[in-house]
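In my numbering, the protein residues as written are 1 to 173. For each residue, glycine too, the CB sits at the ideal point set by N, CA and C. Quick notes on the structure that follows.
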Amino acid sequence: MSDLIAIIYPSEAKAEEVRQRLFKLQKEYLITISDAVIAVKTEAGPVKLNQFVNTTAVGAVSGSFWGLLIGVLFLNPILGVALGAASGALGGALSDYGIDDAFMKDLSTSLQPGNAALFVLVKNMTADKVLREIQDAGGTVLKTSLDDTKEQKLRDALAKASAEQPPPQTNAA
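Here is the structure:
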């Protein structure tokens, strides 16, 4: 079973930094990620999702391959590739992989403009080592499906890091 973790960061850059740290930890076999999406609330108001997997592109590549194969069988590979890519892209655009887009957009409506939420679907992890690697980035827990004890550890570690960060400097005129 997978666990969902959603953490709010002050900027998209900070959320992307943490996502890249998690990918690095995945290469070290400390975490297995099914999906990692950054939701950003724009100044205009709508929520933009920065997906880990572009299902439209994956569908187009897959469709091109199958279209070419079928096109070769029917002696028209160019038409087969074109039709396969188009149908694959359409199928990819209509499919949803990992965390439900509507769910993420609904949760992200409470964000302040410019803030970003990192949604991670975790299959398994070595919690203490992963937490140690991401806690200095700070953040605020938006939602998790972790048990109460693990969620509280996450909240405490992120709150401690946020408290240790110096307040922003202002220039006195």
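- Closest in C-alpha terms to Thr-140, from the list Asp-147, Glu-151, Arg-132, Val-130, comes Glu-151.
- In the DSSP annotation of this structure, Ile-134 is not part of any beta strand (DSSP E); the continuous alpha helix (DSSP H) holding it starts and ends at 127 to 134.
- Closest in C-alpha terms to Ala-117, from the list Leu-30, Leu-4, Val-37, comes Val-37.
- Residue nearest to Glu-133 within the set Leu-25, Leu-4, Ala-15, Ala-13 is Leu-25 (criterion: CA-CA distance).
- Note: Thr-140 is bridge-paired with Ile-8 in the DSSP secondary-structure output.
- Excluding the 5 residues flanking it on each side, Ala-137 has same chain C-beta neighbours closer than 6 angstroms at Val-18, in chain order.
- Fewer than three beta-carbon pairs drawn from the segment 125 to 132 and the segment 96 to 116 are found closer than 8 angstroms, and the two stretches are therefore not classed as touching.
- In this structure Gln-20 is exposed. Its beta-carbon is surrounded by fewer than 16 other beta-carbon atoms within 10 angstroms.
- For Asp-35, the uninterrupted beta strand (DSSP E) run begins and ends at 31 to 41, by DSSP.
- Under the DSSP assignment, Leu-49 falls in the beta strand (DSSP E) whose first and last residues are 47 to 50.
- Ranked by Cα distance from Gln-135, the first of Met-1, Lys-14, Ser-108 is Lys-14.
- Nearest to Glu-43 by C-alpha distance, out of Leu-121, Thr-109, Leu-30, Leu-158, is Thr-109.
- Here DSSP, grouped into helix, strand and coil, assigns Leu-154 to helix.
- Ala-44 sits in coil when the DSSP states are folded into three classes, being neither helix nor strand.
- DSSP places Asp-3 in the strand class (E or B) of the three-state scheme.
- Shown here for Ser-2: same chain residues with a beta carbon closer than 7 angstroms to its own, the five before and five after excluded, namely Ser-34, Leu-121, Val-122, Lys-123 in chain order.
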